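**Student:** Residue numbers (the working numbering): 127 to 517.
Each residue gets a CB set at the ideal place from its N, CA and C atoms; glycine is no exception.
Keep in mind that this is a model prediction, so the values were computed, not measured.
My questions will all concern the structure given below.
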């Protein structure tokens with residue numbers, strides 16, 4: 127068995143403040159390593175600067191190695207862990223910037239860095255696309271691949287890394303909360319289709335116009351979530367409580383409606399008999415006995431339904447029952463139950479919080495699953511070579 131412990135961090139960086147963000151990252155490293163033995167800590171994409179900076183990346187981008195990498199290398203050496211994190215980097219030519227991920231070893235050595243291939247939106251205005259898909263030999267971690275954000279949506283990236291022998295992929299992301307279901311699906315899909323572990327670290331918080339969704343997780347080669355920072359767990363509990371309460375209220379409402387319908391049916395029957403008696407009198411047929419019964423029934427009905435005074439009270443001084451209010455409850459209950467059936471809720475999802483999740487994984491599972499399910503079976507090796515060569 128080749129067991130290692132992996133931690134993924136979801137953090138809210140301060141936009142444009144590299145120094146404060148590095149201090150915060152250092153605090154996370156200290157907290158995690160003080161509570162358990164960890165082999166690898168994964169931070170999100172562009173964690174040293176934030177995401178929506180546009181042309182300001184020109185000022186904040188650093189060379190590799192540079193100040194940020196050197197500080198994290200020192201922290202890795204102090205704690206004996208591997209560290210992966212994202213930052214904006216620049217080449218010797220100052221104007222060439224990349225959205226990059228860096229992997230540092232437990233002795234502070236730089237194992238390598240990766241430049242994001244698939245840029246999206248405003249990223250294209252600040253960064254250049256990468257052109258390589260490297261896989262790094264990370265000692266006890268085995269072979270490790272890195273990917274950033276939107277790379278996750280393209281299965282070729284993970285497959286190319288798997289074909290190069292990757293057993294673990296670290297996915298560093300700034301994934302928006304509005305598309306967080308895509309994030310959760312892609313992370314599990316890339317792990318499952320390539321039979322490898324995926325450690326996904328997604329940031330939280332807001333920058334200028336974008337809100338990020340967290341949901342950092344560690345996934346097994348069979349797509350099973352081993353550890354995760356779920357933001358909607360409390361919301362699901364609250365929805366379940368609401369649904370249980372609605373079921374109780376709807377059951378009580380049905381009983382109330384049944385009693386009202388029975389009373390209405392009795393009134394309709396009395397009115398019908400009264401009309402029949404009136405019709406018989408008009409035709410000249412005198413049914414004294416039936417007339418007496420109808421009269422008694424009419425008096426009995428009038429006695430049970432005293433006229434309401436101006437203040438809403440009957441002759442007995444008691445307030446009249448407000449039947450329409452009970453009936454009016456039916457519509458909102460029905461609408462709410464329809465909303466529940468359609469998956470809707472009036473509750474607002476809680477904001478994803480900062481934190482980290484940890485999982486113990488066995489890298490030998492990668493080999494076992496690939497052999498058992500023939501995940502990387504190369505029936506069309508030429509096609510696979512074209513995919514790898516393309517990048």
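In three-state terms, what does DSSP make of residue 180?
**Tutor:** Position 54 of the chain shown, counted from the start, is the residue given in the question as residue 180. Helix, per DSSP.
**Student:** Taking buried to mean at least 16 other C-beta atoms within 10 Å of its own C-beta, is residue 129 buried or exposed?
**Tutor:** Reading the chain shown from its first residue, position 3 is the one you call residue 129. Around the beta carbon of residue 129, fewer than 16 other beta carbons sit within 10 angstroms, so the residue counts as exposed.
**Student:** Count the other CB atoms, across all protein chains shown, that sit within 10 Å of the CB of residue 257; report buried if there are 16 or more and exposed otherwise.
**Tutor:** Position 131 of the chain shown holds residue 257. That one is exposed.
**Student:** Taking only runs of the alpha helix (DSSP H) that begin and end inside the region 184-222, which ones reach a length of at least 4 residues, in chain order?
**Tutor:** 193-205
**Student:** Using the Cα positions of residue 349 and residue 476, report the straight-line distance between them to the nearest angstrom.
**Tutor:** For the purposes of this step, residue 349 is taken as residue 223 along the chain shown, with counting starting at 1. For the purposes of this step, residue 476 is taken as residue 350 along the chain shown, with counting starting at 1. Their Cα atoms are separated by approximately 26 Å.
**Student:** Between the region 331-338 and the region 307-319, can you find at least three pairs of beta-carbon atoms closer than 8 Å?
**Tutor:** no
**Student:** If you follow the beta strand (DSSP E) that residue 161 is part of, which residue opens it and which one closes it?
**Tutor:** On the chain shown, residue 161 is found 35 positions in, with the first residue counted as 1. Note, residue 161: premise wrong, no beta strand (DSSP E); alpha helix (DSSP H) at 144-161.
**Student:** Along the alpha helix (DSSP H) that carries residue 283, what are the first and last residues, could you check?
**Tutor:** For the purposes of this step, residue 283 is identified with residue 157 of the chain shown, where counting begins at 1. Looking at the DSSP string, the run of the alpha helix (DSSP H) that includes residue 283 is 281-289.
**Student:** At the level of alpha carbons, what is the spacing between residue 213 and residue 493?
**Tutor:** In the chain shown, counting from the first residue as 1, residue 213 sits at position 87. In the chain shown, counting from the first residue as 1, residue 493 sits at position 367. Note on geometry: alpha-carbon atoms of residue 213 and residue 493 lie some 32 Å from one another.
**Student:** Whose C-alpha, out of 396, 299, 268, is nearest the C-alpha of residue 77?
**Tutor:** Given a span of 127 to 517 for the chain in the structure shown, any question on residue 77 remains unanswerable.
**Student:** CA-CA distance, residue 331 and residue 303?
**Tutor:** For the purposes of this step, residue 331 is taken as residue 205 along the chain shown, with counting starting at 1. For the purposes of this step, residue 303 is taken as residue 177 along the chain shown, with counting starting at 1. About 9 Å.
**Student:** CA-CA distance, residue 231 and residue 180?
**Tutor:** Here residue 231 refers to the residue found at position 105 when the chain shown is read from its first residue. Here residue 180 refers to the residue found at position 54 when the chain shown is read from its first residue. The straight-line gap from Cα to Cα measures roughly 31 Å.
**Student:** Which of the three DSSP states is assigned to residue 306 in this structure?
**Tutor:** Along the chain shown, one-based indexing puts residue 306 at 180. Residue state, collapsed to three classes: helix.
**Student:** Skipping 5 residues on each side, what residues in its chain have a beta carbon closer than 6 Å to that of residue 457?
**Tutor:** Looking up residue 457 in the chain shown gives position 331. Interpretation of residue 457 is limited by its pLDDT of 42, a score under 50 that renders its predicted location unreliable; the figure taken from the coordinates is listed afterwards. The beta carbon of residue 457 sits closer than 6 Å to no other beta carbon from its chain once the five residues preceding and following it are set aside.
**Student:** On the three-state DSSP scale, how would you describe residue 311?
**Tutor:** Stepping through the chain shown from its first residue, residue 311 is reached at position 185. Residue 311 falls in the helix class under three-state DSSP.
**Student:** Does DSSP put residue 251 in a helix, in a strand, or in coil?
**Tutor:** Translated into the one-based positions of the chain shown, residue 251 becomes position 125. Of the three classes helix, strand and coil, the one that applies to residue 251 here is helix, per DSSP.
**Student:** Sort out for me which residues DSSP pairs residue 226 with in a bridge.
**Tutor:** Against the chain shown, residue 226 aligns to sequence position 100. 213, 241.
**Student:** Measuring CA to CA, which of 153, 215, 187, 143 is closest to residue 136?
**Tutor:** Taking the first residue of the chain shown as position 1, residue 136 is located at position 10. Answer by Cα proximity: 153.
**Student:** From which residue to which residue does the beta strand (DSSP E) around residue 345 run?
**Tutor:** The residue labelled residue 345 in the question sits at position 219 within the chain shown. Residues 343-345.
**Student:** For residue 262, which residues from the same chain have a beta carbon less than 6 Å from its beta carbon, with the 5 sequence-adjacent residues on both sides left out?
**Tutor:** What you label residue 262 is simply residue 136 of the chain shown in a count that begins at 1. Answer for residue 262: 229, 237, 238, 270, listed in chain order.
**Student:** For residue 137, name the three-state secondary structure that DSSP assigns.
**Tutor:** Indexing the chain shown from 1 puts residue 137 at position 11. Look at residue 137 here: in three-state DSSP terms it is coil, with no helix or strand label.
**Student:** Of the choices 140, 210, 253, 227, whose alpha-carbon is the least far from that of residue 221?
**Tutor:** Within the chain shown, the letter at position 95 stands for residue 221. For residue 221, the nearest C-alpha among the options comes from 253.
**Student:** Could you tell me the distance, in whole angstroms, from the CA atom of residue 413 to the CA atom of residue 390?
**Tutor:** Counting from 1 along the chain shown, the entry for residue 413 is found at position 287. Counting from 1 along the chain shown, the entry for residue 390 is found at position 264. Because residue 413 carries a pLDDT of 48, less than 50, the predicted location of this residue cannot be relied on, and the following value inherits that uncertainty. Between residue 413 and residue 390, the C-alpha separation is close to 27 Å.
**Student:** Do you know offhand how far residue 459's Cα is from residue 393's?
**Tutor:** The count along the chain shown starts at 1 and reaches residue 459 at position 333. The count along the chain shown starts at 1 and reaches residue 393 at position 267. For residue 459, the pLDDT reaches just 40, beneath the cut-off of 50, and the residue's location in the model is therefore unreliable, although a value from the coordinates is still provided. When rounded, the distance between both Cα atoms is 27 Å.
**Student:** What three-state label does DSSP hand residue 83 in the structure shown?
**Tutor:** Since the displayed the chain opens at 127 and closes at 517, residue 83 lies outside it and no answer follows.
**Student:** Please report the residue range of the beta strand (DSSP E) in which residue 486 lies.
**Tutor:** What you label residue 486 is simply residue 360 of the chain shown in a count that begins at 1. Run containing residue 486: 481-488, per the beta strand (DSSP E) assignment.
**Student:** Output the boundary residues of the beta strand (DSSP E) element that contains residue 338.
**Tutor:** Within the chain shown, numbered from 1, the residue matching residue 338 stands at position 212. Residue 338 -> beta strand (DSSP E) spans 337-339.
**Student:** Are the CB atoms of residue 485 and residue 353 within a distance shorter than 8 Å?
**Tutor:** Within the chain shown, residue 353 is the residue found at index 227, counting from 1. Within the chain shown, residue 485 is the residue found at index 359, counting from 1. A contact, by the Cβ cut-off of 8 Å.
**Student:** Would you report the Cα separation of residue 497 and residue 290, rounded to the nearest angstrom?
**Tutor:** As a working note, residue 497 is residue 371 in the chain shown. As a working note, residue 290 is residue 164 in the chain shown. Going from the Cα of residue 497 to the Cα of residue 290 covers about 16 Å.
**Student:** Determine the burial state of residue 161: buried for a count of at least 16 other Cβ atoms within 10 Å of its Cβ, exposed for fewer.
**Tutor:** In the chain shown, the residue the question calls residue 161 occupies position 35. Exposed, by the Cβ-count rule.
**Student:** Taking buried to mean at least 16 other C-beta atoms within 10 Å of its own C-beta, is residue 268 buried or exposed?
**Tutor:** Along the chain shown, one-based indexing puts residue 268 at 142. Its Cβ being crowded by 16 or more others within 10 Å, residue 268 is buried.
**Student:** On the three-pair Cβ rule with 8 Å, is the region 276-285 touching the region 142-159?
**Tutor:** Result no; under three Cβ-Cβ pairs closer than 8 Å.
**Student:** In angstroms, rounded to a whole number, what distance separates the CA positions of residue 191 and residue 198?
**Tutor:** As a first step, residue 191 must be located in the chain shown, where it is residue number 65. As a first step, residue 198 must be located in the chain shown, where it is residue number 72. About 10 Å.
**Student:** How about residue 327 and residue 294: are their beta carbons less than 8 Å apart?
**Tutor:** For the purposes of this step, residue 327 is taken as the residue at position 201 of the chain shown. For the purposes of this step, residue 294 is taken as the residue at position 168 of the chain shown. For residue 327 and residue 294, no; Cβs fall outside 8 Å.
**Student:** Take the Cβ of residue 318 as the centre, count every other Cβ of all protein chains shown within 10 Å, and call the residue buried at 16 or more, exposed below.
**Tutor:** As a first step, residue 318 must be located in the chain shown, where it is residue number 192. Buried, because 16 or more other Cβ atoms sit within 10 Å of the Cβ of residue 318.
**Student:** For a quick check, are the C-beta atoms of residue 233 and residue 346 less than 8 Å apart?
**Tutor:** The residue you call residue 233 lines up with position 107 of the chain shown. The residue you call residue 346 lines up with position 220 of the chain shown. No. Outside cutoff.
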